[in-house]
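Q: Residues -22 to -1, 1 to 544, numbered by mature numbering (1 follows the signal peptide of the UniProt record, and there is no 0), are exactly what the sequence shown covers, in order.
I am attaching a structure below and will ask some questions about it afterwards.
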Amino acid sequence: MLSRSVALAACAALALSPTTTAQDRITGRGFATRSAVMASNGMVATSQPLATQIGLEILRAGGSAIDAAIAANAALGLMEPTGNGIGGDLFAIVWDARTEQLYGLNASGRSPRSLSIEVFQQAGLESVPAHGPLPVSVPGCVDGWFELHGRFGTLPMEQVLAPAIRYAREGFPVSELIAHYWGLSVGLARFPGFREQMTIDGRAPEMGEIWRNENLARTLERIAQGGRDVFYRGEIAREIAAFMAANGGYLTYEDLDAHRSEWVEPVSCDYRGYELWELPPNGQGIAALQILEIMEGFDVAAMGFGSPEYVHHFVEAKKLAFEDRARFYADMDFADVPVSELISPEYAAARRALIGERAGRSYPAGNPALEEGDTIYLCTADAAGNMVSLIQSNYRGMGSGMTPTGLGFVLQDRGELFDLTPGRPNSYAPGKRPFHTIIPAFLTVDGTPLMAFGVMGGATQPQGHAQIVMNMVDFGMGVQEAGDAPRMLHTGSSQPTGERMTDGGTLHLESGIAQWETVRDLMGRGHRIEWNRGSFGGYQAIWRDPATGVYHGASESRKDGQAAGY
């Protein structure tokens, strides 16, 4: 537990922090960093301004929101390799204006078929390593691009990928936060191919330094010309397989050849008349729905933003949802996940009854009838009313460190999130998709599209999704304010990899929410408080005014990003 003297000192320091207000803005909440961006014809919001401009370039050329999302994602794989790339996986929710429907895409890859759980057992491993060849699963991103493009794209893929190829060849100045995270990843230089392709003589590029990636430019050109098959059953697939075989890996040509994305039905909950949409497992999106279903039973608006009552009840709702996350969420081809029961109001009422005035040290998983990752999130919208919510990641930092020779990208380490204890829903198996943290979100009202949004950062994401919705619905914030508002983050819950919460976990509060009276009250309820920086995610959103059709774009100050429209 945080001592009173330490808490007082921390709060005194935070009270002086310039991040607690937006200085002398005369409109909006005190914590809002800027106004929302508004435009009628199109909008793009990403975590890197040059990628945002690329998305706008594609929209202005007549591309759809889907084309713009793919172009921006390709650029981010170059410009923000600390969070994503074509060695990783992808999920998306698309509002299609023509059919007036939401479509969900799960473009996550599966574990190698030649890698059995016995390999881990024989090596004496109790968990999947974070780096190296063992956590590598099939990268699903490229197939995801072509699935989205085949269904909703309008421009040829050569034109969509051309801006990223140009920047990869000509170079671009690395932005501030990305340079910081790149510096934290240079330890991956001990793995094959990383030092030669992802560093400058063993160091990360500095802020403002020009970075080029000719290998990635050539790889993207081959994809633009040869389609998804060149990556999964052509020459790139053979090069990846040969690299892995030469370096102790298990990912094979056959694994790549067998890969297919899956179109899935998004699922939702009603929160005070608004529908929040998420994708079903193997991702963690329904945790946000479970949190909101529990919170709907409380008068959140009356509690007040940042109040001890609000923070306490939210954290306990999160703990309950995450017990189910640890117990049930897994690849639904391998596990019977009771999604409809987990997100039902009746189930939420039973779970809500477990919340008392004290912080729970542990909770059981429910009985329904039958933590740090690096990610990019982006959203786009076009003049026709199409909207895209897309998230993509290598998982931990820049991925596994395994960087196939001459290809210019790092393979993901998503397999780290398997459980190595046999017999559980998320237990490791060949050809299985691991539990996934990355989740896109979408908000509708009365069946009409309202907002594409997401919050980056491992287990932060469902907590962030729920907080964004409550910020807007319960506390009346606008799309920019909802993202800039100080966040709370609970860590230490039970995990799909097998760990169990027995001590109540830890509550982290951002500076703008951490007033001493709040901290003292929460400590009195039994919460353990710690301070940190950089774990509260990053948010992008596009809100569509139902009355006028005008788009409002938001990109918060925790990242390097930008929202822009025309």
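Glycine included, each C-beta is placed from N, C-alpha and C at the ideal position.
All of these numbers come straight from a predicted model, not from anything done at the bench.
Quick one: Cα of Arg478 to Cα of Ser472, how far?
A: Going by the C-alpha atoms only, they are around 4 Å apart.
Q: Excluding five sequence neighbours on each side, which residues of the same chain lie with their C-beta closer than 7 Å to the C-beta of Ala118?
A: The sequence shown places Gly at residue 118, rather than the Ala named in the question. Hits under 7 Å: Asp67, Leu68, Ala85, Ser86, Gly87, His237 and Ser239.
Q: At what residues does the beta strand (DSSP E) containing Leu254 begin and finish?
A: Looking at the DSSP string, the run of the beta strand (DSSP E) that includes Leu254 is Tyr252 to Glu256.
Q: CB Ile520 to CB Ala359, shorter than 9 Å?
A: Cβ atoms of Ile520 and Ala359: closer than 9 Å.
Q: Give me the Cα-Cα distance between Glu349 and Gly393, rounded to the nearest whole angstrom.
A: Confidence is the limiting factor: at Glu349 the pLDDT is only 47, short of 50, which leaves the residue's position unreliable, though a coordinate-based value still follows. Rounded to whole angstroms, Glu349 to Gly393 spans 14 Å at the Cα level.
Q: Give the DSSP-derived three-state secondary structure of Leu368 in the structure shown.
A: Correct three-state label for Leu368: strand.
Q: Leaving out the 5 sequence neighbours to the left and right, which residues in its chain are closer than 8 Å to Glu184 when beta-carbon positions are compared?
A: The residues are Val152 and Ala157.
Q: In this structure, what does DSSP give as the bridge partners for Thr230?
A: Bridge partners of Thr230: none, in fact.
Q: Taking DSSP's pairing of strands, which residues face Gln79 in a bridge?
A: Looking at the DSSP assignment, Gln79 forms a beta bridge with Asp74.
Q: According to the neighbour-count rule (16 or more other Cβ atoms, all chains shown, within 10 Å of its Cβ), is Tyr355 buried or exposed?
A: Under this definition Tyr355 is a buried residue.
Q: Among residues of its own chain, excluding the 5 on either side of Ile272, which ones have a beta-carbon nearer than 8 Å to its beta-carbon?
A: Contacts found: Ala295, Leu298, Ala299, Ala326, Arg329, Arg330 and Ile333.
Q: Rounded C-beta distance between Val114 and Ser533? I'm assuming under 8 Å.
A: Wrong, their Cβ atoms sit about 32 Å apart, outside the cutoff.
Q: So, using beta-carbon positions, are His414 and Phe431 closer together than 9 Å?
A: Result no, Cβ atoms of His414 and Phe431 do not sit closer than 9 Å.
Q: Just the C-alpha distance for Gly338 and His486, rounded to the nearest angstrom, thanks.
A: If you take the alpha carbons of Gly338 and His486, they lie about 16 Å apart.
Q: Run through DSSP, which three-state label would Ala10 get?
A: Correct three-state label for Ala10: coil.
Q: Among Met501, Arg503, Gly539 and Leu270, which residue has its Cα nearest to the Cα of Met450?
A: Answer by Cα proximity: Leu270.
Q: Can you tell me whether DSSP reads Ala532 as helix, strand or coil?
A: Strand, per DSSP.
Q: If you draw a straight line from the alpha carbon of Val317 to that of Ile264, how long is it in whole angstroms?
A: Those two C-alpha atoms are separated by around 8 Å.
Q: Using the Cα positions of Ala219 and Gly456, report the straight-line distance between them to the nearest angstrom.
A: Straight-line Cα distance between these residues: approximately 48 Å.
Q: Classify residue 547 as helix, strand or coil using the three-state DSSP reduction.
A: Look at the range of the chain in this structure, -22 to 544, and you will see that residue 547 is not part of it.
Q: Beta strand (DSSP E) containing Met466: first to last residue?
A: Where Met466 is concerned, the enclosing beta strand (DSSP E) stretches over Met466 to Thr469.
Q: What is the rounded straight-line gap between the Cα of Arg211 and the Cα of Arg91?
A: Going from the Cα of Arg211 to the Cα of Arg91 covers about 16 Å.
Q: Less than 8 Å between C-beta atoms, sequence neighbours within five positions excluded: which residues of the same chain meet that for Thr480?
A: Closer than 8 Å at the Cβ level, and outside the excluded window around Thr480, lie Arg339 and Ser340.
Q: Phe431 lies in the beta strand (DSSP E); which residues open and close that run?
A: Element bounds for Phe431: Thr426 to Val433.
Q: Unbroken beta strand (DSSP E) runs of length 3 or more, entirely within the segment 391 to 454: which are they?
A: Fully enclosed beta strand (DSSP E) runs of 3 or longer: 419 to 423 and 426 to 433.
Q: With DSSP as the reference, label Thr353 as helix, strand or coil.
A: Here Thr353 sits in strand by DSSP.
Q: Which value, in whole angstroms, describes the spacing of the CA atoms of Met376 and Asp391?
A: Going by the C-alpha atoms only, they are around 9 Å apart.
Q: Just mark Asn51 as buried or exposed, buried being the case when its beta carbon has 16 or more other beta carbons within 10 Å.
A: Buried: at least 16 other Cβ atoms inside 10 Å.
Q: For the structure I just gave you, are there three or more beta carbon pairs, one from the segment 285 to 294 and one from the segment 252 to 267, closer than 8 Å?
A: Verdict: no, contact absent.
Q: Who are the near neighbours of Arg216 in its chain, counting only those whose CB is closer than 7 Å to its CB and skipping five residues on each side?
A: For Arg216, where only same-chain residues beyond five positions count, the Cβ hits under 7 Å are Tyr231.
Q: Have a look at Phe276 and Gln445 and give me their C-alpha separation to the nearest angstrom.
A: Approximately 14 Å between the Cα atoms of the pair.
Q: Which residues in the same chain have their Cβ closer than 6 Å to the Cβ of Trp160, if we skip the five residues on either side of it in sequence?
A: Correct list, in chain order: Thr60 and Ala182.
Q: Report the CB separation of Leu257 from Ile71 in whole angstroms; it is logged as a contact under 8 Å.
A: Right, the Cβ-Cβ distance comes to about 7 Å (below 8 Å), so this counts as a contact.
Q: Along the chain, where does the alpha helix (DSSP H) that runs through Leu34 open and close?
A: First-last of the alpha helix (DSSP H) with Leu34: Pro27 to Arg38.
Q: Run the CB neighbour count on Met42, radius 10 Å, all protein chains shown included, and call it buried at 16 or more, exposed below.
A: The displayed chain sequence assigns Ser, not Met, to residue 42. Flag for Ser42 reads buried.
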